[in-house]
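> Residue numbers for the sequence shown follow this note's numbering, so the first one is 480 and each next one is one higher.
Positions of the beta carbon are idealized from the N, C-alpha and C atoms, including for glycine.
All values derive from a computational prediction rather than experimental measurement.
Here it is: the structure, laid out below.
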Amino acid sequence: MKPPRADRGRILLLLALAAAVTVFTATVPLLRDWFDLRVYYGTVNSWIHDGGRVYDYRVPGTPYGFTYPPFAAVVMLPMALVGLRTAIVTALLLNLAALAFAVRVCVGPWWRRYGWYGAGLAACALALFEPLRDTFSFGQVNLLLLALVLVDAGLLASGRTRWAGVGIGLAAAVKLTPALFIGLLLVARRWRAAGVATAVAAAATALAALVAPDASRFYWTRALWDTTRVGRLDYVSNQSLQGVLARLGVESRAVWAVLVLAALGWWAWRARRAVAVGDWQAAFALTGLTACLVSPVTWVHHLVWLLPSFAVLIRAGRPRVAGALYAVLCTSVVWLWFDDASGVGGFLGSNAYTWITLGLLVWLPVGHLPAGRRPMSRSTSATAAPPSAAAPAISAASDQPRALPTATATGTEVVRGAGVDSGAGAGVDSGADSGFGPGPGNGHGRTRSASSEPTGSTRPAAANPQSSSSRASS
Numbered sequence: 480m481k482p483p484r485a486d487r488g489r490i491l492l493l494l495a496l497a498a499a500v501t502v503f504t505a506t507v508p509l510l511r512d513w514f515d516l517r518v519y520y521g522t523v524n525s526w527i528h529d530g531g532r533v534y535d536y537r538v539p540g541t542p543y544g545f546t547y548p549p550f551a552a553v554v555m556l557p558m559a560l561v562g563l564r565t566a567i568v569t570a571l572l573l574n575l576a577a578l579a580f581a582v583r584v585c586v587g588p589w590w591r592r593y594g595w596y597g598a599g600l601a602a603c604a605l606a607l608f609e610p611l612r613d614t615f616s617f618g619q620v621n622l623l624l625l626a627l628v629l630v631d632a633g634l635l636a637s638g639r640t641r642w643a644g645v646g647i648g649l650a651a652a653v654k655l656t657p658a659l660f661i662g663l664l665l666v667a668r669r670w671r672a673a674g675v676a677t678a679v680a681a682a683a684t685a686l687a688a689l690v691a692p693d694a695s696r697f698y699w700t701r702a703l704w705d706t707t708r709v710g711r712l713d714y715v716s717n718q719s720l721q722g723v724l725a726r727l728g729v730e731s732r733a734v735w736a737v738l739v740l741a742a743l744g745w746w747a748w749r750a751r752r753a754v755a756v757g758d759w760q761a762a763f764a765l766t767g768l769t770a771c772l773v774s775p776v777t778w779v780h781h782l783v784w785l786l787p788s789f790a791v792l793i794r795a796g797r798p799r800v801a802g803a804l805y806a807v808l809c810t811s812v813v814w815l816w817f818d819d820a821s822g823v824g825g826f827l828g829s830n831a832y833t834w835i836t837l838g839l840l841v842w843l844p845v846g847h848l849p850a851g852r853r854p855m856s857r858s859t860s861a862t863a864a865p866p867s868a869a870a871p872a873i874s875a876a877s878d879q880p881r882a883l884p885t886a887t888a889t890g891t892e893v894v895r896g897a898g899v900d901s902g903a904g905a906g907v908d909s910g911a912d913s914g915f916g917p918g919p920g921n922g923h924g925r926t927r928s929a930s931s932e933p934t935g936s937t938r939p940a941a942a943n944p945q946s947s948s949s950r951a952s953s
C-alpha cells in the first residue's frame, strides 16, 4: 500500500492516525495524574508557605518526597506563586517546547523536506513513545534537561563553543545523571567547555546552598546516599544495570561496579572515536545511553535520553532497525512482568528496555552521513581552499571519492574521507545551522577543532498496577 501523495489523502491519514493514537493513550498506558509534578509543587509550597523542610515533605497518603538536588527546588520556586492547574499547564507547555527543540536539534533542517505531513507523522510516532508519554503524564523534568544538554551539543557541533558547557552544567545541577556529559567533554578534550560546565554546576549548587543551607547540608550528607528514598531497585520500571541485578536477586555492589566500569570504558572508547571524526550527535547519544545504564535508578520515563540514538540510526541508513527498537519502546511490554520477573522469560522481558539501551551503546553507528559527505581533517583551522575549475569534470569522470584539499598553516593538506567504526558510511556531520542532523545546508564535511521519583514503590505492589488511577510511577 503506497502512502497518499495528495494533500487530501494525507490529511485523512493524519486524522486517522491521530485518532488511533488518542484512543491508545487514553486506554492502554498507565495515566500518571501528574504525580511527580505534585511532588515538586507540594514540596515548594510546604517549604515557602508552611515553613517545612524540602526533604521532609511527602505527598499525602504516600511515602514519596523530593529527591533532586537543592538547586532543583530553587529553580521550581515560581510554583509557589501559582495554583496547581497553572503549574500543570506550564509544565505541559515547557515539555512540548523542549521536545520540539530536541527534535529540531537532532534532525537539523532535514525536517523541511517533509513539511507539515512529515511533522504530523512524527508527532503521532512521538506520542506513542512510552518514555515521552510518562514524562508528560508525570509532569517530569527529563525533557527539559535533555534540551539543555542538546544546546551544548549544537554549539560544539557548529564550532560556536564560547558558551558550550552552560547547558550541561545547569542540567547536572538540577539532576545528577547529566553530569556524565561533563565526562564526555573531558573524554573529548574540550577542556574549556568542561571547565564551563563544572563551574556552572558548582555555582548553581553554591546558590542553592545560600538559599537553602539546611536542605543542601541534608541532601549532600544524607539524602544522596539513601537509595531507599527513591524506591525499590527491583521495581520493573527501573531499566538500569542495577535494576537488572536487583530483579535477579544479586545484591553485590562489586558486581554492579564491575558492570558500570565496563559500560563506562566502552562508552569512553566509542565516544572518543565519534568526537575524533566530528560526530557530536553520536557522542551525545552514546553518553545519554550510558547515563541510563550506569545510574542506579533509571525509570522508564528517564529513557527520553534514547531519542538522539534513533536520529543517529536513521541518519546512518538504518530506519528499519530504528523503527523496530522504537516500536518495542512504545509497547509498555516490561509491565507484563510487573508481579513476577522470574525465569528466562522474566529475565528477557522485564529488562527489555535495558537490552535495547545496551545494544545501542554497543552497536550505535558512528561516523555515518548521507552519501557524498566526507570528513575533513581535525587539523583544519582555516577556510578550505577553493576547488579548481577542473574539479567538476574530474568528479563526474570518476566514481571514486576524490581528495579534499584543506588549507593549513603550512600549505594544502589532502585528506581522503573514510567511513568510521566497522564499515560506517563516509562523512561527518558538523551540524552547523543550529542542528547536527542530516540535511541540506547543514555544513556537512566540516569538523571544527577546536527523586522524588515516585516510581519504585517502597510498599507492596498494588493489586491492579495497570489502573489509570494508580499513583505508582512507571
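Compute the beta-carbon to beta-carbon distance between Val653 and Val679, rounded to the nearest angstrom, for a pair I have assumed lies under 8 Å.
The Cβ separation is near 11 Å, so there is no contact.
> Determine, using beta-carbon pairs with one atom in the stretch 808-822 and one in the stretch 707-716, whether at least three such pairs fall under 8 Å.
In short, these stretches touch, since the Cβ pair count reaches three.
> State whether the stretch 567-575 contacts the stretch 532-540, with contact taken as three or more CB pairs (one from each stretch) at a distance under 8 Å.
No, the stretch 567-575 does not touch the stretch 532-540.
> Report, in whole angstroms, the separation of the C-beta atoms of Val502 and Asp613, which I expect to be a contact under 8 Å.
Not really, about 18 Å apart at Cβ, beyond 8 Å.
> My parser needs the beta strand (DSSP E) runs of 3 or more residues fully inside the stretch 804-855; what are they?
Listed in chain order, nothing qualifies, since the stretch 804-855 has no complete beta strand (DSSP E) run of 3 or more residues.
> Find out if the Cβ-Cβ distance for the pair Thr700, Arg671 is shorter than 8 Å.
Not in contact: Thr700 and Arg671 (Cβ atoms no closer than 8 Å).
> Does the Cβ of His528 have 16 or more other Cβ atoms within 10 Å, making it buried, or fewer, making it exposed?
Looking at its Cβ environment, which holds fewer than 16 other Cβ atoms inside 10 Å, His528 is exposed.
> Under 8 Å between the Cβ atoms of Ala691 and Val554?
Not in contact: Ala691 and Val554 (Cβ atoms no closer than 8 Å).
> Going by beta carbon distance, what residues of the same chain come within less than 6 Å of Leu804, once the five residues before and after it are set aside?
Closer than 6 Å at the Cβ level, and outside the excluded window around Leu804, lie Ile835.
> Hey, how far is the Cα of Ala770 from the Cα of Leu659?
Taking the straight line joining both Cα atoms gives about 6 Å.
> How many Å lie between Ala683 and Leu624 at the Cα?
Cα to Cα, Ala683 sits roughly 15 Å from Leu624.
> What is the rounded straight-line gap between the Cα of Phe617 and the Cα of Leu649?
Near 22 Å, if we compare the C-alpha coordinates of Leu649 and Phe617.
> Just tell me which of Ala559, Ala761 and Gly728 has its CA closest to the CA of Ser788.
The shortest Cα separation from Ser788 among Ala559, Ala761 and Gly728 belongs to Ala761.
> With a threshold of 16 other CB atoms inside 10 Å of the CB of Leu740, please say whether the residue is buried or exposed.
With fewer than 16 Cβ atoms within 10 Å of its Cβ, Leu740 is classed as exposed.
> Do Leu712 and Gly722 have their C-beta atoms closer together than 8 Å?
Against a cut-off of 8 Å, the Cβ pair of Gly722 and Leu712 comes out as a contact.
> Using a Cβ-Cβ cut-off of 7 Å (strictly less than) and excluding sequence neighbours within five positions of Arg489, which residues of its own chain qualify?
So the list reads Pro483 and Tyr596, once near-sequence residues are dropped.
> Cβ of Ser774 within 8 Å of Cβ of Thr656?
It is a contact, given that the beta carbons lie within the stated cut-off.
> Looking at the structure shown, is Pro483 part of a helix, part of a strand, or coil, going by DSSP?
The answer is coil: DSSP assigns Pro483 none of H, G, I, E or B.
> Alpha carbons only, please: which of Leu837, Val756, Leu496 and Gly562 is nearest the one belonging to Leu765?
Among Leu837, Val756, Leu496 and Gly562, the Cα nearest to that of Leu765 belongs to Leu837.
> Taking the alpha-carbon positions, what's the Cys584 to Ser829 distance?
Cys is not the amino acid found at residue 584; the sequence shown has Val there. If you take the alpha carbons of Val584 and Ser829, they lie about 32 Å apart.
> Assign Trp748 to one of three DSSP states: helix, strand, or coil.
The answer is helix: DSSP assigns Trp748 an H, G or I state.
> Using DSSP with H/G/I as helix, E/B as strand and the rest coil, what is Ser616?
Here Ser616 sits in helix by DSSP.
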